[in-house]
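Colleague: Quick note: the sequence shown uses our numbering, first residue 742, plus one each step.
In this text, a Cβ means the ideal position worked out from N, Cα and C, and glycines have one as well.
Every value quoted in this text rests on a predicted model; they were computed, and no experiment measured them.
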Amino acid sequence: MPEPTSPGGPAAAGVATAWRREKARYRPSRRETVFLVLAGIFLTHALLGEVVGGKLVRVGGYVMSVGVVPWPIVFVTTDLVNEYYGPKAVRRLTLLAVALILYAFLILWACIEIPAADISPVDDGAFRTVYGQSLWIIGGSVTAFAASQLVDAVVFVVARAATGGRLLWLRAVGSTVVSQFIDTFVINAIAFGLPGRLTGAQVIELSITNYTYKFVIALLTLPLIYLGHAAVDRYFEADARSAA
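#1: Quick check: Tyr-952 and Phe-922, are their CB atoms within less than 8 Å of each other?
#2: Skipping 5 residues on each side, what residues in its chain have a beta carbon closer than 6 Å to that of Leu-939?
#3: State the DSSP-derived secondary structure class of Ser-806, mapped to helix, strand or coil.
#4: Leu-963 by DSSP, collapsed to three states: which one?
#5: Which two residues bound the contiguous beta strand (DSSP E) that contains Val-798?
#6: Looking only at C-alpha atoms, which of Glu-946, Ala-959 and Ala-900 sits nearest to Gly-802?
#7: Taking the alpha-carbon of Val-895 as reference, which of Gly-937, Arg-799, Gly-866 and Thr-835 has the nearest alpha-carbon?
#8: Pick out the complete alpha helix (DSSP H) segments inside the region 811-886, 4 residues or longer, and give them in chain order.
#9: Note the first and the last residue of the continuous alpha helix (DSSP H) segment covering Phe-776.
#10: Got a sec? Which residues, its chain only, sit under 8 Å from Pro-769 by beta carbon, not counting five neighbours each side?
#11: Can you tell me which of the three DSSP states Gly-937 falls into?
#12: Lys-796 to Ala-930, Cα distance in whole Å?
#13: At a cut of 8 Å, does the region 881-889 reach the region 834-849 through at least three beta carbon pairs?
#14: Compare the beta carbon distance of Leu-779 and Val-822 with 8 Å and say whether it is the shorter of the two.
#15: Decide yes or no for the touch test of the region 841-850 against the region 858-870: beta carbon pairs closer than 8 Å, at least 3 of them.
#16: Hey, how far is the Cα of Ala-888 from the Cα of Arg-833?
#17: Are the beta-carbon atoms belonging to Thr-950 and Met-805 less than 8 Å from one another?
#18: Expressed to the nearest angstrom, what Euclidean distance is found between the alpha-carbon atoms of Val-815 and Asp-865?
#19: Can you have a look at Thr-904 and say buried or exposed, based on whether 16 or more other CB atoms are within 10 angstroms of its CB?
#20: Helix, strand or coil for Leu-891? Go by DSSP, reduced to three states.
#21: Could you work out which residue in Arg-772, Ala-900 and Pro-828 is closest to Val-918 when comparing CA atoms only?
#22: Does the Cβ-Cβ distance between Ile-878 and Ile-928 come in under 8 Å?
#23: Check whether the Cβ atoms of Thr-819 and Asp-924 lie closer than 8 Å to each other.
#24: Skipping 5 residues on each side, what residues in its chain have a beta carbon closer than 7 Å to that of Gly-969?
#25: In whole angstroms, give me the CA-to-CA distance for Ala-971 and Leu-965.
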């Protein structure tokens with residue numbers, strides 16, 4: 742938006758100065774911008790995982806939920822937030838994600854209970870089958886997600902302290918391996934075991950497959966973590982140079 746101008750004089754200069762101050766006041770810092778971007782990516786992929794997780798597919802003869810597809814990005818953003826903003830930021834982001842997941846639960850439940858029109862291409866039965874399973878997944882996720890993300894943050898910080906800030910790959914993979922073990926087994930037990938959709942043996946098989954996928958993906962996403970780390974460092978360094 743262009744600055745307001747006037748023919749000239751002290752009044753015009755005062756208006757221009759006030760305008761610049763207002764613009765500077767509401768301009769986010771680079772740290773704030775990076776956090777908002779990472780938080781937005783994190784929350785979007787976490788919610789997507791809840792909504793699509795009811796669909797099970799076979800990969801190489803093994804059954805897994807498509808809800809694990811968005812999770813590699815969740816791993817990357819969690820580690821980057823932890824690296825630059827600390828475990829407290831991860832905890833706050835986790836609590837926000839849990840609150841939004843619960844909000845999504847309420848919206849889905851309300852939409853399921855509203856009767857479909859007779860001309861609707863999606864009837865109540867089909868809608869309930871798809872999104873009703875999402876309610877169970879969300880219920881399991883609220884428990885599993887909160888626990889796993891908090892564990893992830895703790896393991897990440899402990900690993901960073903133990904390595905003196907070196908070996909980014911070790912703390913990134915280690916925190917993901919531990920936290921996702923908790924997340925995977927808890928969510929599948931609640932989402933598919935409690936409603937009787939799968940037997941106990943099937944829940945264990947599904948959990949092992951999902952966990953194996955997440956473990957492999959944690960290794961494959963290491964380059965993304967290093968790239969993200971380098972990009973954020975350059976972005977912050979540019980800000981420091983401009984302020985100097």
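Modeller: Per the coordinate set shown:
#1: Result yes, Cβ atoms of Tyr-952 and Phe-922 sit closer than 8 Å.
#2: If we look at Leu-939 and ignore the five residues flanking it on each side, its Cβ neighbours are Phe-933.
#3: It is a strand residue.
#4: If DSSP states are grouped into helix, strand and coil, Leu-963 belongs with the helices.
#5: Looking at the DSSP string, the run of the beta strand (DSSP E) that includes Val-798 is 797-800.
#6: In terms of Cα proximity to Gly-802, the closest of Glu-946, Ala-959 and Ala-900 is Glu-946.
#7: Considering only alpha carbons, the answer is Thr-835.
#8: For the region 811-886, whole alpha helix (DSSP H) runs of length 4 or above, ordered along the chain, are 812-854.
#9: In the DSSP annotation of this structure, the continuous segment of the alpha helix (DSSP H) that includes Phe-776 starts and ends at 771-793.
#10: Cβ neighbours of Pro-769 within its own chain (closer than 8 Å, five residues either side excluded): Leu-777.
#11: The answer is coil: DSSP assigns Gly-937 none of H, G, I, E or B.
#12: Lys-796 and Ala-930: Cα-Cα distance of roughly 16 Å.
#13: Short answer: they touch.
#14: Yes, the pair counts as a contact, with Cβ atoms nearer than the cut-off.
#15: No, because fewer than three Cβ pairs between the region 841-850 and the region 858-870 fall closer than 8 Å, the two stretches do not touch.
#16: Straight through space, the alpha carbons of Arg-833 and Ala-888 are spaced by roughly 13 Å.
#17: Inclusion of Thr-950 and Met-805 in the CB contact set at 8 Å is warranted, their separation being smaller than that value.
#18: Answer to the nearest angstrom: the Cα atoms are 32 Å apart.
#19: Burial is judged here by how many other beta carbons sit within 10 angstroms of a residue's own beta carbon; Thr-904 has fewer than 16 and is exposed.
#20: DSSP places Leu-891 in the helix class (H, G or I) of the three-state scheme.
#21: Of the listed residues, the one whose Cα sits closest to Val-918 is Ala-900.
#22: For Ile-878 and Ile-928, yes; Cβs fall inside 8 Å.
#23: One thing to note: Thr-819 has its Cβ no nearer than 8 Å to the Cβ of Asp-924.
#24: Cβ within range, chain order: Val-817 and Leu-821.
#25: Taking the straight line from one Cα to the other gives about 10 Å.
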